Structure formats: C-alpha cells, structure tokens
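Report on the following structure.
Numbering (my numbering), first residue to last: -13 to 58.
And the structure:
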C-alpha cells in the first residue's frame, strides 16, 4: 500500500469502502476487501470501521495508519 495522502473526487453521491479500496488499488479485487479489513485498522472520520459496504461521502477521511484518503 502506497497511497500516502490522496484526495479522491466523487462523481456519485457516495462510494462504498470496498469500492474505494479497489479504486485506490489498496486491494486487487472485491474478494480481498474482507481479508484486508479483518487484518488492518481502517478509520473513517477517526472511528474504526470494518464494513466493506459502508457508504462514504464527500468530506469523509479514511485513515490507514500513516496513509489517508480524503473524499472531495
């Protein structure tokens, strides 16, 4: 994983956490999302969340330790 601080501009009202992980190539496929979330701490707006279907909206910040994705 090498995304550091990245800003993603949404073209839809929301994106799911699983879709975002695939889009940013944190995981290679949808099947890898569940395993990734089970073994990594992912925070959304400062709160740990492991739901791959979690809807993310503009303004949300997704944190993977030292790496962040900001939705715009």
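Glycine included, each C-beta is placed from N, C-alpha and C at the ideal position. Just so you know, these numbers come straight off a predicted model, no measurement behind them.
Worksheet item: Quick one: what does DSSP say residue 28 is sitting in, helix, strand or coil?
Response: coil
Discussion item. Ignoring anything shorter than 4 residues, give me the alpha helix (DSSP H) runs that lie fully in the segment -6 to 19, in order along the chain.
Written reply: 3 to 9
Worksheet item: Residues in its own chain within less than 7 Å of residue 31 by CB, not counting five upstream and five downstream?
Response: 46, 47
Worksheet item: For the beta strand (DSSP E) that residue 55 lies in, which residues bound it at each end?
Response: It spans 53 to 57 - the beta strand (DSSP E) in which residue 55 sits, taken as one unbroken run.
Worksheet item: Beta-carbon separation of residue 34 and residue 50 under 8 Å?
Response: no
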